[in-house]
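Chemist: Just passing along the structure, written as structure tokens.
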Ligand code: 5RP
């Protein structure tokens, strides 16, 4: 079974969490896209929900499917956000940001009563960090910010390449909020909670891809269907 089929199994299960009249956060990425398409199908059959997308790409997809959209300004508290992840562990700590939308994704997830994560079984890990941790950084002074990231990681026993993310044309990738992303190849995040706090304390860091105590449920698609891990 392909990874996309497994992702779809998780998305089908996620639809069970979607109820009429909900205010819904829509994630970003290939798994979130499958979910958005399922929401679009239900909306076309009469489901009444209003959604806040976590990226321009998800906005455009949802809009094209006829899904009613709003913003956090108009609707600051949401019932549910459904989003993908790049890695997750048994504590439901996530690494997100492979698609570059981690900042808006975290704002929307934190504004939601519940965050449901949709994944396939390849993303479940014992130790987070094989997937490089994305850190969104303000371009001003970014060379200094990268040194500060290196230092705090080193103090916590983590080191590795810290790489500016590039677009396909070789120029720096720019997030929807106008920032850069550095992918931190630390291989094993020995103390994710301490690392998250230390990164948050660096002035040039806007946000990082560690989602801690945010997800309530992870739905994991596999070749038999989907199962869940819950906090
Ligand atoms: C985007 C994300 C995505 O949720 C994450 O990268 C997973 O993407 P995909 O569903 O394509 O595997 O965090 O910023």
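In the working numbering, the protein residues as written are 1115 to 1345. All C-beta atoms, glycine included, are put in the ideal place defined by N, C-alpha and C. A quick note: this is a predicted structure, and the numbers were derived from the prediction, not measured.
1) For residue 1323 versus residue 1124, is the C-beta distance shorter than 8 Å?
2) What residue range is occupied by the uninterrupted beta strand (DSSP E) comprising residue 1295?
3) Answer yes or no: do residue 1243 and residue 1303 have a C-beta to C-beta separation smaller than 8 Å?
4) So, for residue 1279: in the same chain, excluding its five sequence neighbours on each side, which residues have a beta-carbon less than 8 Å away from its beta-carbon?
5) Taking the alpha carbon of residue 1189 as the point to measure from, which residue in 1230, 1135, 1154, 1268 has its own alpha carbon closest?
6) Counting pairs of Cβ atoms below 8 Å between the segment 1188-1203 and the segment 1269-1284, do you hit three or more?
7) Determine the direct distance from the alpha carbon of residue 1120 to that of residue 1246, and round the result to whole angstroms.
8) Per DSSP, which one or two residues make a beta bridge with residue 1202?
9) Between the segment 1167-1183 and the segment 1148-1156, do three or more beta carbon pairs fall short of 8 Å?
10) State buried or exposed for residue 1143, treating a residue as buried only when at least 16 other CB atoms are found within 10 Å of its CB.
11) Given that a residue counts as buried once 16 or more other Cβ atoms are within 10 Å of its Cβ, and exposed if not, what is residue 1227?
12) Kindly provide the ranges of any alpha helix (DSSP H) runs that are 4 or more residues long and lie completely inside the segment 1256-1343, ordered along the chain.
13) Do residue 1349 and residue 1184 have their CB atoms nearer than 8 Å?
14) With respect to 7 Å, is the separation between the Cβ of residue 1210 and the closest non-hydrogen atom of the ligand 5RP below this value?
15) If I measure Cβ to Cβ from residue 1256 and keep anything under 7 Å in the same chain, skipping five residues before and after, which residues do I get?
16) Taking 7 Å as the cut-off, is the beta-carbon of residue 1219 closer than that to any non-hydrogen atom of the ligand 5RP?
17) Identify every run of the beta strand (DSSP E) within the segment 1129-1194, keeping only runs that are complete inside it and at least 3 residues long; order them along the chain.
18) Sort out for me which residues DSSP pairs residue 1247 with in a bridge.
19) Does the distance from the CB of residue 1146 to the CB of residue 1140 come in under 8 Å?
20) Measure the C-alpha to C-alpha separation of residue 1337 and residue 1127 and round it to an integer number of angstroms.
21) Could you tell me which residues DSSP pairs with residue 1413 in its beta bridges?
22) Since residue 1191 and residue 1225 should fall inside the 8 Å C-beta cutoff, what is the C-beta to C-beta distance between them, to a whole number of angstroms?
23) Any heavy atom of the ligand 5RP inside 7 Å of the beta-carbon of residue 1335?
24) Does the ligand 5RP have even one heavy atom less than 7 Å from the beta-carbon of residue 1142?
Modeler: Looking at the atomic coordinates:
1) no
2) Counting along the chain, the beta strand (DSSP E) containing residue 1295 begins and ends at 1294-1298.
3) Annotated as proximal: residue 1243 and residue 1303, with beta-carbon spacing under 8 Å.
4) 1214, 1248, 1286, 1287, 1294, 1295, 1296, 1297
5) 1135
6) no
7) Cα to Cα, residue 1246 sits roughly 23 Å from residue 1120.
8) Looking at the DSSP assignment, residue 1202 forms a beta bridge with 1208, 1238.
9) yes
10) buried
11) Its Cβ having fewer than 16 others within 10 Å, residue 1227 is exposed.
12) Inside the segment 1256-1343, DSSP marks whole alpha helix (DSSP H) runs of 4 or more residues at positions 1256-1269, 1306-1314, from first to last along the chain.
13) One cannot answer for residue 1349 here, as it falls past the ends of the chain, which runs 1115 to 1345.
14) yes
15) 1294, 1318
16) yes
17) 1137-1140, 1164-1167
18) 1298
19) yes
20) 14 Å
21) Residue 1413 is absent from the model: the chain starts at 1115 and stops at 1345.
22) 6 Å
23) For the ligand 5RP, not one heavy atom lies less than 7 Å from the Cβ of residue 1335.
24) yes
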